[in-house]
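Visitor: In our numbering, the protein residues as written are 1 to 131. Backbone N, C-alpha and C define an ideal beta-carbon position, used for all residues, glycine too. Nothing here was measured: the structure is a model prediction, and the numbers come from that model.
Set out below in structure tokens:
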């Protein structure tokens, strides 16, 4: 008898839960500001959350919640310098930081010496949905 009532209840709950990473906040044009950091060289060659191997020479980055495969523009607020990267990993997991850049991306943005900089991250495109 329990399953007779459980299935409709579970269905109602699932319908009521909003989709996670597909909400309007993750549409092209969405922006956020915070600190950018970059990966330690010791992580070169290790797997990322997407399953790709981290390559410090690639234009890639980690973000806590943007869908993997999302392309973003990262703009350094102090001088307007910007780069485009693809999100292929999760992180950073340090309060106040919003994106963790590959070494190449950090170099292109000019933050290697300082290590951290205030940035704006703008979503350019989301990954295509698999069918």
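If we ignore side chains and look at the alpha-carbon of each, how far apart do residue 104 and residue 56 end up?
Guide: In the chain shown, counting from the first residue as 1, residue 104 sits at position 104. In the chain shown, counting from the first residue as 1, residue 56 sits at position 56. Each residue's alpha carbon lies about 6 Å from the other.
Visitor: Determine, using beta carbons only, whether residue 109 and residue 87 come nearer to each other than 7 Å.
Guide: In the chain shown, residue 109 corresponds to position 109, counting from 1. In the chain shown, residue 87 corresponds to position 87, counting from 1. Against a cut-off of 7 Å, the Cβ pair of residue 87 and residue 109 comes out as no contact.
Visitor: Could you tell me which residues DSSP puts in a beta bridge with residue 101?
Guide: In the chain shown, the residue the question calls residue 101 occupies position 101. In the DSSP output, where bridge partners are listed per residue, residue 101 has 38, 61.
Visitor: Starting from residue 82, trace the beta strand (DSSP E) both ways and give me its first and last residue.
Guide: The count along the chain shown starts at 1 and reaches residue 82 at position 82. Residue 82: member of the beta strand (DSSP E) spanning 82 to 89, first to last residue.
Visitor: Between 28, 26, 37, 29, which has its C-alpha nearest residue 113's C-alpha?
Guide: Taking the first residue of the chain shown as position 1, residue 113 is located at position 113. Of the listed residues, the one whose Cα sits closest to residue 113 is 37.
Visitor: Quick one: residues in its chain with C-beta nearer than 6 Å to the C-beta of residue 63, no 5 flanking neighbours on either side, listed in chain order?
Guide: Locating residue 63 in the chain shown gives position 63, where the first residue counts as 1. Once the five neighbours on either side are set aside, the close Cβ partners of residue 63 are 87, 99.
Visitor: Tell me, please, which residues DSSP counts as bridged to residue 53.
Guide: The count along the chain shown starts at 1 and reaches residue 53 at position 53. According to DSSP, residue 53 bridges with 47.
Visitor: State the DSSP-derived secondary structure class of residue 71, mapped to helix, strand or coil.
Guide: As a first step, residue 71 is located in the chain shown; it is residue number 71 there, counting from the start. Residue 71: strand per DSSP, three-state reduction.
Visitor: For a test of the three-state rule: what should DSSP assign to residue 180, helix, strand or coil?
Guide: Residue 180 is absent from the structure shown; the chain starts at 1 and stops at 131.
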